[in-house]
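Colleague:
Number of protein chains: 2
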Amino acid sequence: MHVMVIGAAGMVGRKLVEAMAADAAAVGAEVDRLTLVDVIEPAVPAAFSGVGTALAADLSEPGEATRLAATRPDLIFHLAAIVSGEAEADFDKGYRVNLDGTRALFEAIRHEGLRAPYSPRMIFASSIAVFGEPFPEKIGDEFFTTPLTSYGTQKAICELLLADYSRRGIFDGVGIRLPTICIRPGTPNKAASGFFSNILREPLSGKEAVLPVDESVRHWFASPRSAVGFFLHAARMDTSAIGPRRNLTMPGLSALVGEEIEALRRVAGERAVKLIRREPDPVIRRIVSGWATDFDARRARALGFTAETTFDEIIRIHIEDELGGKI
Amino acid sequence: MHVMVIGAAGMVGRKLVEAMAADAAAVGAEVDRLTLVDVIEPAVPAAFSGVGTALAADLSEPGEATRLAATRPDLIFHLAAIVSGEAEADFDKGYRVNLDGTRALFEAIRHEGLRAPYSPRMIFASSIAVFGEPFPEKIGDEFFTTPLTSYGTQKAICELLLADYSRRGIFDGVGIRLPTICIRPGTPNKAASGFFSNILREPLSGKEAVLPVDESVRHWFASPRSAVGFFLHAARMDTSAIGPRRNLTMPGLSALVGEEIEALRRVAGERAVKLIRREPDPVIRRIVSGWATDFDARRARALGFTAETTFDEIIRIHIEDELGGKI
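Chains as they are written, first to last, in the numbering used here: chain A, 1 to 327; chain B, 328 to 654.
1. Would the beta-carbon of residue 249 of chain A fall within 8 Å of that of residue 177 of chain A?
2. Report yes or no: is there a C-beta of chain B within less than 8 Å of the C-beta of residue 156 of chain A?
3. Just how far apart, CA to CA, sit residue 570 of chain B and residue 626 of chain B?
4. Whose Cβ in chain B lies nearer than 8 Å to the Cβ of residue 240 of chain A?
5. Please report the straight-line C-alpha distance between residue 470 of chain B and residue 480 of chain B, rounded to a whole angstrom.
6. Kindly list the residues whose CB is nearer than 6 Å to the CB of residue 368 of chain B, restricted to its own chain and excluding five residues on each side of it in sequence; keep chain order.
7. Mark residue 278 of chain A as exposed unless 16 or more other C-beta atoms lie within 10 angstroms of its C-beta, in which case mark it buried.
8. Run down chain A in chain order and give the residues with a C-beta less than 7 Å from the C-beta of residue 477 of chain B.
9. Considering only the beta carbon of each residue, do residue 309 of chain A and residue 275 of chain A sit closer than 8 Å?
10. At a CB distance below 7 Å, what residues from the stretch 127-146 of chain A approach chain B? Give them in sequence order.
11. Nearest CA to the CA of residue 334 of chain B: which residue from B:363, B:598, B:538?
12. Using beta carbons (cut-off 8 Å, strictly below), is residue 203 of chain A in contact with chain B?
13. The beta strand (DSSP E) spanning residue 406 of chain B covers which residue range?
14. List the residues of chain B that residue 244 of chain A touches, going by C-beta distances under 8 Å, in chain order.
15. Can you name, in chain order, every residue of its own chain whose Cβ lies under 7 Å from the Cβ of residue 595 of chain B, other than the five neighbours on each side?
16. Count the other C-beta atoms from every protein chain shown that fall within 10 angstroms of the C-beta of residue 94 of chain A, then say buried if there are 16 or more, exposed otherwise.
17. Can you round the beta-carbon distance between residue 4 of chain A and residue 32 of chain A to whole angstroms, since I take them to be within the 8 Å contact cut?
18. Report the three-state DSSP secondary structure of residue 585 of chain B (helix, strand or coil).
19. Below 8 Å on C-beta distance, what does residue 167 of chain A contact in chain B?
20. For my contact list, residue 292 of chain A and residue 139 of chain A are in at a C-beta cut-off of 8 Å; report their separation, rounded to the angstrom.
21. What is the rounded straight-line gap between the Cα of residue 374 of chain B and the Cα of residue 556 of chain B?
22. Could you tell me the distance, in whole angstroms, from the CA atom of residue 476 of chain B to the CA atom of residue 615 of chain B?
23. Given residue 337 of chain B, which residues of its chain have a CB within under 8 Å of its CB, disregarding the five upstream and five downstream residues?
24. State yes or no: is the beta carbon of residue 393 of chain B nearer than 8 Å to at least one beta carbon in chain A?
25. Residues of the stretch 380-414 of chain B with a CB closer than 8 Å to any CB of chain A: list them in chain order, please.
26. Note down, in chain order, every chain A residue with its Cβ under 8 Å from the Cβ of residue 514 of chain B.
27. Taking Cβ-Cβ distances shorter than 8 Å, what residues in chain A pair up with residue 480 of chain B?
28. Based on the DSSP secondary-structure assignment, which residues constitute the bridge partners of residue 371 of chain B?
29. On the criterion of 16 or more Cβ atoms from any shown chain inside 10 Å, does residue 598 of chain B qualify as buried, or is it exposed?
30. Could you pull the start and end residues of the beta strand (DSSP E) that residue 615 of chain B belongs to?
31. Is the beta carbon of residue 257 of chain A less than 8 Å from the beta carbon of residue 217 of chain A?
32. Which word fits residue 213 of chain A, buried or exposed, when buried means at least 16 other C-beta atoms lie within 10 angstroms of its C-beta?
33. If you draw a straight line from the alpha carbon of residue 641 of chain B to that of residue 650 of chain B, how long is it in whole angstroms?
34. List the DSSP bridge partners of residue 219 of chain A.
35. Would the beta-carbon of residue 621 of chain B fall within 8 Å of that of residue 460 of chain B?
36. Please list the terminal residues of the continuous alpha helix (DSSP H) segment that includes residue 172 of chain A.
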């Protein structure tokens, strides 16, 4: 099987590639060819025993999508996007990369299929940013998408295209609406959502972290390991069970910031919790207050997608996957 | 006020233009300039006392949207689209006209506004085709859009763009999801929905009509007069009451084919009803079975949009507006 990962240099993309390199049957069939694509050339893991190719390409540049489709991968993971903040600040770039780039990929596959029969599986990374407040207490699978950012708009549009192209048999698409990924590895960044990870990751390494909101803030989470699991499951699953509604809100954990901190106390003790410094930030508080807090991801669960059910588990996964199993 | 109607040669477009020509304050302020646009040059009504201009233009052709936006209308009605059947049969044309044409218009307005401050009101004709079965008994205002046609996909995408461009203040948009318009004037056509109008319009003129489905089929209707009323109300209304959810399912009448026929009997007698010939068509039956049957259009009603509540009223409007008041 030839697998292409677009957005392979990102955090989830890298972990997804590593998972396929470590287990050649992670996507349900042996992967003998991996094509990794990102705007900067991604790395092919040394552990991968098949033919690995790394390409620097921007889907929104003329001809690039056609070049990728011409390699006729059996399975495509499309994770490439510019993030929410940048898509909001730069209107043209957001629409060009997140909408036109994705559409160019879908069109290139359609034209490749017109040349000679071809219909790969297409796993698309969407986001809970397709939803906009006000929300019900739990957002159900039939709740409408009324995004309040250009990023969310671009993702919602790509979801519609994904469903229409799948309905027409151009590809076999699954849209994966990711929860907020926690604990993100790396260093604190300026993303408004960063603190959800910072207040766990930094204390687990003996460093201080800033909490800009109240402990009563509720949000929707899954670990990086779960995110990779969603993509692999979407690649393996029998898509005939999905029907025409191709975009799925992934399962996750609805938790309070206070529950994150309690889990940190249980796993790493009071000393770790003391490293969280409260520094209320009204701007971040306002941004976060517009985010979804809970979902009833019934369809995805019924289709076999799974995620963590406690923050203790999310913290333990971080310790196992990022800290070599110990703190 | 300078008003532009794109799609001015279509059935609803023509009636909308006539309404503005007959009452210069129909949109809440005096219309002294009308620019009428369609792929074939539309007619400026003789009754219009202001400056009328007719243009043949296809929004999806390079430069055309820019040319239209440069005239800086205060109010734009965008009704231009190719219909469902054609958008399904011709993938490229459907996306080019219904998606790219609309996006080109939106982008041209954005660029016009970057040149010098400009933010017109934009009324966009959407459709209940943005919904796809299975449906709840009544489709509420928060039900998700999962279209089962490329036409519905294109309309749903334009709705998302409309909301995002409005949120950014590029224009002040309102999306109008039209019910099935009944009684459509003219002659029977091959549209799968044609019979809903044919079985009333033809017998009202003493002609035979074919009914291809059972009387138990339920569907969602509004008269051409209501459709025009929706657009005029959207042009006049205080949009601050809408908030960021800019696309509205219009009110309508949920009725059985049997109820259409009963209303025909009451208004035009048994002789008219006898002109309906039953000729079951399994293909049309199957298509129609996938359509929405009822909506709870609460938001639009609360915002002042109104439609008929009985089929007797729909028939009487046809007699008044199309048959000179008598049958």
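Cβ coordinates follow ideal geometry from the N, Cα and C atoms, glycine included. Please read these numbers as outputs of a predicted model, since none were measured by experiment.
Modeller: With the structure as the only source:
1. Residue mapping note: residue 249 of chain A aligns to position 249 of the first sequence, counting from 1. Residue mapping note: residue 177 of chain A aligns to position 177 of the first sequence, counting from 1. Yes.
2. Counting from one through the first sequence, the residue named residue 156 of chain A turns up at place 156. Chain B, which has a Cβ nearer than 8 Å to the Cβ of residue 156 of chain A, makes this yes.
3. If you number the second sequence from 1, residue 570 of chain B lands on position 243. If you number the second sequence from 1, residue 626 of chain B lands on position 299. Approximately 11 Å, taken between the alpha carbons.
4. Counting from one through the first sequence, the residue named residue 240 of chain A turns up at place 240. Within chain B, no residue comes near residue 240 of chain A; the closest Cβ sits about 16 Å away, beyond 8 Å.
5. Mapped onto the second sequence, residue 470 of chain B falls at position 143. Mapped onto the second sequence, residue 480 of chain B falls at position 153. Cα to Cα, residue 470 of chain B sits roughly 15 Å from residue 480 of chain B.
6. Sequence index remark: in the second sequence, residue 368 of chain B carries index 41 (1-based). Excluding sequence neighbours, residue 368 of chain B sits near 381, 383.
7. Position 278 of the first sequence, counted from the first residue, corresponds to residue 278 of chain A. Residue 278 of chain A is exposed by the Cβ-count criterion.
8. Indexing the second sequence from 1 puts residue 477 of chain B at position 150. Ordered by position in chain A, the residues that pass the 7 Å Cβ test against residue 477 of chain B are 164.
9. Here residue 309 of chain A refers to the residue found at position 309 when the first sequence is read from its first residue. Here residue 275 of chain A refers to the residue found at position 275 when the first sequence is read from its first residue. No, the pair does not count as a contact, with Cβ atoms beyond the cut-off.
10. 132, 142, 143, 144, 145, 146
11. Along the second sequence, one-based indexing puts residue 334 of chain B at 7. Closest by alpha carbon: B:363.
12. Translated into the one-based positions of the first sequence, residue 203 of chain A becomes position 203. Not one chain B Cβ lies under 8 Å of residue 203 of chain A.
13. The residue you call residue 406 of chain B lines up with position 79 of the second sequence. Looking at the DSSP string, residue 406 of chain B is not in any beta strand (DSSP E), and its letter there is neither H nor E.
14. Locating residue 244 of chain A in the first sequence gives position 244, counting from the first residue. Correct list: 459, 473, 475.
15. Here residue 595 of chain B refers to the residue found at position 268 of the second sequence. Here the set comprises 530, 531, 654.
16. Here residue 94 of chain A refers to the residue found at position 94 of the first sequence. By the neighbour-count rule (16 or more Cβ atoms within 10 Å), residue 94 of chain A is buried.
17. Against the first sequence, residue 4 of chain A aligns to sequence position 4. Against the first sequence, residue 32 of chain A aligns to sequence position 32. Their Cβ separation, rounded to whole angstroms, is 13 Å, which puts residue 4 of chain A and residue 32 of chain A out of contact at 8 Å.
18. Taking the second sequence and counting its residues from 1, one reaches residue 585 of chain B at position 258. DSSP places residue 585 of chain B in helix when its eight states are reduced to three.
19. Start at 1 with the first residue of the first sequence, and residue 167 of chain A comes out as number 167. Those are 475, listed as they occur along chain B.
20. By one-based count along the first sequence, residue 292 of chain A stands at place 292. By one-based count along the first sequence, residue 139 of chain A stands at place 139. 6 Å between Cβ atoms; contact.
21. Your numbering for residue 374 of chain B matches position 47 in the second sequence. Your numbering for residue 556 of chain B matches position 229 in the second sequence. Rounded to whole angstroms, residue 374 of chain B to residue 556 of chain B spans 19 Å at the Cα level.
22. Locating residue 476 of chain B in the second sequence gives position 149, counting from the first residue. Locating residue 615 of chain B in the second sequence gives position 288, counting from the first residue. Roughly 13 Å separates the two Cα atoms.
23. Locating residue 337 of chain B in the second sequence gives position 10, where the first residue counts as 1. Excluding residues within five positions, the ones whose Cβ falls inside 8 Å are 365, 406, 407.
24. Within the second sequence, numbered from 1, the residue matching residue 393 of chain B stands at position 66. Not an interface residue.
25. none
26. Taking the first residue of the second sequence as 1, we reach residue 514 of chain B at position 187. Neighbourhood of residue 514 of chain B in chain A, by CB distance below 8 Å: empty, with the nearest CB roughly 32 Å away.
27. Here residue 480 of chain B refers to the residue found at position 153 when the second sequence is read from its first residue. Chain A residues near residue 480 of chain B: 160, 161, 163, 164.
28. As a position in the second sequence, residue 371 of chain B is number 44, starting the count at 1. Answer by DSSP bridge pairing: none, since residue 371 of chain B is not bridged.
29. As a working mapping, residue 598 of chain B is identified with position 271 in the second sequence. Residue 598 of chain B should be labelled exposed.
30. Indexing the second sequence from 1 puts residue 615 of chain B at position 288. Looking at the DSSP string, residue 615 of chain B is not in any beta strand (DSSP E); the run it does join, the alpha helix (DSSP H), is 609-616.
31. The residue you call residue 257 of chain A lines up with position 257 of the first sequence. The residue you call residue 217 of chain A lines up with position 217 of the first sequence. Cβ distance < 8 Å, so residue 257 of chain A and residue 217 of chain A count as in contact.
32. Start at 1 with the first residue of the first sequence, and residue 213 of chain A comes out as number 213. When all chains shown are included, residue 213 of chain A counts as buried.
33. The sequence position of residue 641 of chain B within the second sequence is 314, counting from 1. The sequence position of residue 650 of chain B within the second sequence is 323, counting from 1. Rounded to whole angstroms, residue 641 of chain B to residue 650 of chain B spans 13 Å at the Cα level.
34. As a first step, residue 219 of chain A is located in the first sequence; it is residue number 219 there, counting from the start. In DSSP, residue 219 of chain A forms a bridge with A:255.
35. Mapped onto the second sequence, residue 621 of chain B falls at position 294. Mapped onto the second sequence, residue 460 of chain B falls at position 133. No, the pair does not count as a contact, with Cβ atoms beyond the cut-off.
36. Within the first sequence, the letter at position 172 stands for residue 172 of chain A. Judged by DSSP secondary structure, residue 172 of chain A falls outside any alpha helix (DSSP H) and instead within the beta strand (DSSP E) spanning 172-178.
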